[in-house]
Structures are given as C-alpha cells and as structure tokens.
Amino acid sequence: MTFLLYTLVVIHVIVSLFLIVVVLVQQGKSADLAAAFGGSGSQTAFGPRGAANLLTRLTTVGAVIFMLTSIGLTILMAKTTDHSVLAGEKTTQSVPAKK
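Each residue of the sequence shown is one higher than the one before, counting from 58 in this note's numbering.
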C-alpha cells in the first residue's frame, strides 16, 4: 500500500510540474500586436491554431491526470491513516455566562 502511495505522489508531482510548464508556454489569445489587427501569428510551429490546439489538449490531459491522482491520493490517505487532524486535541466544554 505504501509503494502505491509513494508512486502516486511521484506521478502527482511530475504532472504538477508538467502542467506548470505547459500553461506557461501557452500564449494568450491576443499575444501579439498583429493578432489585434487580424494578422496570423508567425511564431507558432503548426500555424496560427495548430499549436494552440496541441497545447490545449496537453493541458486538458494533464489536468485530468492531476485530478485523478488527487482523488487517488485522498482515498489512499484515508485508508492508511485512521485518525483525524484533531485527534490529539483536548475537548473543552464551555460554561454558560452568568447573568
């Protein structure tokens, strides 16, 4: 169980770093001045829309994997730990104020 947990944590960190890189590489819809006047961008390798579609798909796949690993980590942590965050806290009873 711990091997699976550690493997999932490593995958989660790798996907997180991948998502950061993919999102930072993307350009905005109005990234250059030529786009404001209807010109096609010349900085992309696959044409004006091809690179955006590729990066959009990579972002979507990365986001889905990120969500699945997040849910998997939550389920595995719930099964491996049997205590609450507040397990070591003392319970206090409040005394009503006198009038």
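Yeah, the Cβ is synthetic: ideal placement off N, Cα and C, and Gly gets one too. Since this is a predicted model, take the numbers as computed values, not measurements.
Point to revise | T148 - DSSP class collapsed to helix/strand/coil | key: coil
Practice item. Would you mind giving the Cβ-Cβ distance between L76 and T116, rounded to the nearest angstrom? I have them listed as a contact below 8 Å. Key: 7 Å
Practice item. Excluding the 5 residues preceding and the 5 following S73 in the sequence, name in chain order all residues of the same chain whose CB lies nearer than 8 Å to its CB. Key: F123
Practice item. Have a look at T148 and K136 and give me their C-alpha separation to the nearest angstrom. Key: 25 Å
Check your understanding: Under the three-state reduction of DSSP, which class applies to K136: helix, strand or coil?
Key -> helix
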